[in-house]
Every structure is written in structure tokens, then in C-alpha cells.
Amino acid sequence: MNGIIVVTGPPGSGKSTVAGLLADSFETSAVVEGDRFFGFLRQGYIPPWLPEAHAQNTAVIEAAAQAAGRLARHSDVVYDGVVGPWFIKTFLAHTGLEEVHYVILLPPLAVCLERVKTRTHHGFTDIDAAEHMWRDFDQSIIEDRHRFISPGADPEETASQIAALASNGRFTYRSSP
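In this text, residue positions in the sequence shown follow the numbering used here: the first is 915, and each later residue adds one.
Here it is in C-alpha cells:
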């Protein structure tokens, strides 16, 4: 494939788990963890879910997309991070590619919030922000084919289904002509 599969969704949706499993299914692969790019910010950091963080978020998305796009010239890339429909055009433009596979994981709100509450070894624990981001994804305007809602599926099955559906073009997101 040598392209990018963007695995996105709100906190607690299972993106990191699914992204890792998905990357492991390719012969040559990389996982680009979008949250790490926020970790590069030293001074003046604004929590990304706040409206005043838009310029910061744009810069981070652009940088992460450029890194993912460069790696995609070498291997299959799974991008693990929050790339809402409001940022997918920006992300794609900065990959240098014509298309990416764009998958939104969106389990029910209660599932996401419970995962955020109970997970360990993860820096994000803000329940109110998690709910806000879930609602942003749920109410966003994007073709339904990009939404992957599988509340009962285990992560291995979800990764396997995403790989199969991506190979059939279901999640393909192209730049506008």
C-alpha cells in the first residue's frame, strides 16, 4: 500500500490500540503518534480542545502530517491521533499525498468515558474534555463511510476489519479536484 491510514476519534475510542495492531499487520510499517507532536511544545501550550488553540493545533497537525507523509514514501503508515473532520483537508494537504485512508473510531460516549477513567499509563484523564471531543466527532460533517462504529468488537477484530475495508477503498479520502 505505502500510504497512510489515519485512525482517529475522541479520547478512549481505542485509536492507539487499534493503530498499533493495524501497523503490525503490514510488512513494513510505522506508527506516527500525533500526541507526541503536542509534546514538542514547551512554552505557551494551550489545551488542544479549547477554541483558542486553533493556530497551535493547525501547526501541530501540519508538522505531524509532513512526518507521516515522508514515512509513507518508505512504508505503510498508521497515524494515531485526533484529526477531526475539521482538520482532514489540512492533514492531507501537508502529507504531500493525493489521498489517505481516514477512519473515525466512535464507540458510544459511555464506552469512551469509562476507558478514559480507567486507563493507566496515559497522560490524558480529563473527562469533561473527552466528552466535549466525543460530541465534536459525533456531530461533525463527514461521509458516513469514514465512521467505524464497533462497540462490541475487540481491537484485533477492529484492526483486521479496518485493514480489509481500507484495501477495498472504503476509507479513502482524496483531495478536492
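The beta-carbon is built from N, C-alpha and C at its ideal position, and this holds for glycine as well.
DSSP, read as helix, strand or coil, puts E1013 in strand.
By the neighbour-count criterion, in which a residue is buried when 16 or more other Cβ atoms sit within 10 angstroms of its Cβ, H1015 is buried. Every alpha helix (DSSP H) of 4 residues or more that sits fully in the region 917-975 is shown, in chain order, as 929-938, 948-952. In the same chain as I1056, and ignoring 5 residues on each side of it, the C-beta atoms closer than 6 Å to its own belong to P999, in chain order. Here F1005 carries a helix assignment [DSSP, helix/strand/coil]. In this structure, the alpha-carbon of A937 lies about 14 Å from that of H988. As for any alpha helix (DSSP H) of minimum length 4 sitting wholly inside the region 1021-1074, the runs are 1023-1032, 1041-1053, ordered along the chain. The alpha carbon of Q1053 has as its nearest neighbour, out of E1028, K929, P1022, the alpha carbon of P1022. Relative to the Cα of G995, the nearest Cα in the group G926, L935, L1079, E947 belongs to E947. Excluding five sequence positions before and after T931, the CB atoms of its chain that fall closer than 8 Å to its own CB belong to P1069, given in chain order. The region 1024-1033 makes contact with the region 916-936, as at least three CB pairs between them are under 8 Å. Rounded to whole angstroms, the gap between the alpha carbons of A1077 and H1060 is 13 Å. When the alpha-carbon of F954 is set against those of F1062, A944, Q970, the nearest one is in Q970.
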